[in-house]
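**Student:** One structure is given below, represented as structure tokens, and several questions about it will come after.
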Amino acid sequence: MRLRLLAVRVHVRRSRTQFLPELRSEDGGLMLVDEDSRTKFLPELRSEGGGLMPMDEERYPKNWLKITLGVKQAAGWKCEECGRQCRGPGDPFDTHKPTLIVHHKDHVPENWDPSNLIALCAPCHLRADARHSAETRRVSGNAKSGADARKDAETGRSGCESRERGEIMAADEKHNAVSSPAHYAGDGIECKDAMRASTRRTPPVLDPCCGSRMFYFDKTSPSVLFCDRREEETEVLCDGRTLTVKPDLVADVADLPFKDGSFPLVVFDPPHLFAGSTGWQAKKYGTLPANWRAWMARAFSECWRVLSEDGTLVFKWCEYHVKLSDVLECAPSKPLFGNRRPYSSKTHWLVFFKPTDGGADV
């Protein structure tokens, strides 16, 4: 067991240095990097001759390297508001719509210590101390050209009058709204507080019991809305590994906050154990309540409700304490197909189909 733990630690350290060479150091801290590492870190700055191109001060602050490395260590390139992966090392800053920027708590850009940095989603792709929105830039340009004083043909009011009536957000209000939940609504990747059933761009796949997302090849897929009733910090398991449960939305599978027929695909992997609340198995897989039949029936009913017509429900179950036949009595329909006899494992994968007529048994 000791040799196994040592191998795991060595593997983690190697993968960390391969993932971002700038983080390699003897004591695990940040190192000053050379020009070769800088060009590998941000390929868009590499010139034809192999050297560094002049920095664009409008797009990047002067101490961009220290800031980005500090944010990598502090936030892991994940937005603190939505918890999604914003960008990877080597990706251009403007590759993804929710780009990672830096906000300084004490407004001192030179202080790049991770404790002084907050990672934010920025749909406007600008750094924290710049003007944030296209609306703000438009207002600034119109003020200079005089277009802001022209009357609108439909409303009969100018841009200045519309802002006074609250119809157009003022520049300072737009700047302050960047970190608010409303700023993210409808942008494809929403923060937890702004996620609602009426979101315009809700992902097509719902996982209401995601846990630590163990069976996903892409644990940050934008096509999946990861939900769970708990959000826990990293826990140490029996084998020394760490576990993080951080859903996009904290919600109970037995009472989902979505409209009927919101998702064409639902992945339902409920807890399958009767265990205490402090053991590593309970933290990893969750626990079944004492009245598990009533809870399972409500959870199945909610998954079926939010599933759209002609949609698919994928159900995963492990016959550890409860037989599959007993669980299927709580299902709203018979499964269409699945693995009937997994001899080498107690884990079952079943597929349900919801026809247009509302769910008659197959």
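All letters in the sequence shown, in the order written, are residues 578 to 939 by this note's numbering. Yeah, the Cβ is synthetic: ideal placement off N, Cα and C, and Gly gets one too.
#1: Looking only at C-alpha atoms, which of D829, T819 and K911 sits nearest to C804?
#2: Measure the C-alpha to C-alpha separation of S878 and P909 and round it to an integer number of angstroms.
#3: Check whether the Cβ atoms of V843 and L884 lie closer than 8 Å to each other.
#4: Counting Cβ pairs closer than 8 Å, one from the segment 822-839 and one from the segment 778-792, do we hit at least three?
#5: Hey, quick one: how far does the alpha helix (DSSP H) through V830 stretch, first residue to last?
#6: May I ask which residues mark the beginning and end of the beta strand (DSSP E) holding S902?
#7: Which one or two residues does DSSP pair with H925 in a beta bridge?
#8: Starting from F840 and walking both ways along the alpha helix (DSSP H), at which residues does that stretch end?
#9: Less than 8 Å between C-beta atoms, sequence neighbours within five positions excluded: which residues of the same chain meet that for T808?
#10: Name the DSSP bridge partner or partners of F930?
#11: Run through DSSP, which three-state label would H681 get?
#12: Nearest to K911 by alpha carbon, out of S922, L927 and K923?
#13: I need the straight-line Cα distance from T889 to P866, nearest angstrom please.
#14: Roughly how many whole angstroms lie between the Cα atoms of H849 and Y897?
#15: Find the nearest neighbour of T779 within the set A876, D832 and F840, judged by alpha-carbon distance.
**Tutor:** Let me lay it out:
#1: Residue D829 is the option with its Cα nearest to C804.
#2: About 7 Å.
#3: Less than 8 Å divides the Cβ of V843 from the Cβ of L884.
#4: Taking 8 Å as the limit for Cβ pairs, the verdict is that the segment 778-792 does touch the segment 822-839.
#5: That residue, V830, is in no alpha helix (DSSP H); it is neither H nor E in DSSP.
#6: S902 -> not in any beta strand (DSSP E); alpha helix (DSSP H) instead, spanning L901 to L905.
#7: H925 pairs with W894.
#8: No alpha helix (DSSP H) contains F840, which is instead part of the beta strand (DSSP E) from F840 to F845.
#9: Going by the sequence as given, residue 808 is Glu instead of Thr. Around E808: V822, K823, P824 and V827.
#10: In DSSP, F930 forms a bridge with T889.
#11: For H681, the predicted model reports a pLDDT of 41, less than 50, meaning its position is unreliable and no value from the coordinates is stated.
#12: If we check each option's Cα against that of K911, L927 comes out closest.
#13: Looking at the two C-alpha atoms, the distance is approximately 26 Å.
#14: Rounded to the nearest angstrom, the two C-alpha atoms are 7 Å apart.
#15: Restricting attention to A876, D832 and F840, the CA atom closest to the CA of T779 is found in F840.
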